[in-house]
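Protein chains in written order, with the numbering used here: chain Y, 1 to 142; chain L, 143 to 191. Have a look at the structure below, then the notes.
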C-alpha cells in the first residue's frame, strides 16, 4: 500500500510538525522525509510499517513530474505545480475530458514508462529517488 | 497497487487537493501507479518471472 504526502505547507495543518533546518543542510530532504514517515507511523500506531510504501514528495509531487520536462533539480522549484502547468501549456498538453485512454494525466506522466528514463529523472529529484529506492528494496524482499 | 490517499489517511490534508487546478488532482495517483508498476515490472523481469 502506498501512502502519499506532500510536505508543502505541512506545518500549517492542524497537527504539530516542525521541519528540520533547511539552511546549508545537505540532509534536509532525508530528514524531512524521515520525520513525515515517523508522523504517519504514529497515526497508524506502527501497525502497517512493513506493508507501506512512503511516497513523500518534497515539497510537492508535481515536482516529480517536472523531472520529465526539465533537466534540473525540481525540488528547489518555488512552485512546481505552476511551473508544470506552464510547461504543459507551452507544449499544448491540455485537459481532454472525453478521452479517458489518453487523458491529460496520462499524457503528462507519459515519461514514466521506461525504467531507464526513470533512473534519469531520479537524478533531478531526491524525494523521487528515495521513493524509487524504497520500492526497489521492498520488491527485492518479495 | 492499493493507494491510501492522504485524504483517507487524514481528512484535513485533503483540503489542499481542492486548491489544485482541474485535471491535476489525479496526476498524483497516476504518477504513483506508473512508478510502482514500472519498478515491479522491471524487478520481475530481472528475476525472470
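The C-beta atom is built at its ideal place from N, Cα and C for all residues, glycine as well.
- The DSSP assignment places 62 to 69, 80 to 90, 104 to 108, 115 to 121 as complete runs of the alpha helix (DSSP H) inside the segment 47 to 122 of chain Y, in order along the chain (cut-off: 4 residues).
- At a cut-off of 8 Å between beta carbons, residue 123(Y) makes no contact with chain L.
- Here DSSP, grouped into helix, strand and coil, assigns residue 5(Y) to strand.
- Taking residue 17(Y) as the centre and dropping the five residues before and after it, the same chain places the C-beta of 10, 11 closer than 6 Å to its C-beta, in chain order.
- Any Cβ of chain L closer than 8 Å to the Cβ of residue 32(Y) would place that residue at the interface, and such an atom is absent.
- Taking each of 2(Y), 29(Y), 25(Y), 24(Y) in turn and checking the Cα distance to residue 8(Y), the smallest one comes out for 29(Y).
- Using a Cβ distance threshold of 8 Å, residue 93(Y) and residue 71(Y) do not count as a contacting pair.
- Annotation: the continuous alpha helix (DSSP H) that includes residue 189(L) extends over 169 to 189.
- Here residue 13(Y) is exposed, its C-beta having fewer than 16 other C-beta atoms within 10 Å.
- Interface with chain L (8 Å Cβ-Cβ cutoff): residue 7(Y) is excluded.
- In the DSSP assignment, residue 15(Y) falls outside any alpha helix (DSSP H), carrying neither H nor E.
- Not a single CB atom of chain L sits nearer than 8 Å to the CB of residue 36(Y).
- Interface annotation, residue 70(Y): not in contact with chain L, CB-CB separation never under 8 Å.
- Residue 180(L) sits close to residue 112(Y), with the two beta carbons spaced by under 8 Å.
- Of all alpha-carbon atoms in 118(Y), 120(Y), 85(Y), 114(Y), the one lying nearest the alpha-carbon of residue 104(Y) is that of 85(Y).
- With contacts defined as CB atoms closer than 8 Å, residue 40(Y) and residue 127(Y) fail to qualify as a contacting pair.
- For residue 58(Y), the closest of 75(Y), 26(Y), 141(Y), 137(Y) by C-alpha to C-alpha distance is 75(Y).
- In this structure, the alpha-carbon of residue 77(Y) lies about 17 Å from that of residue 25(Y).
- Remark: C-beta atoms of residue 81(Y) and residue 62(Y) approach each other more closely than 8 Å.
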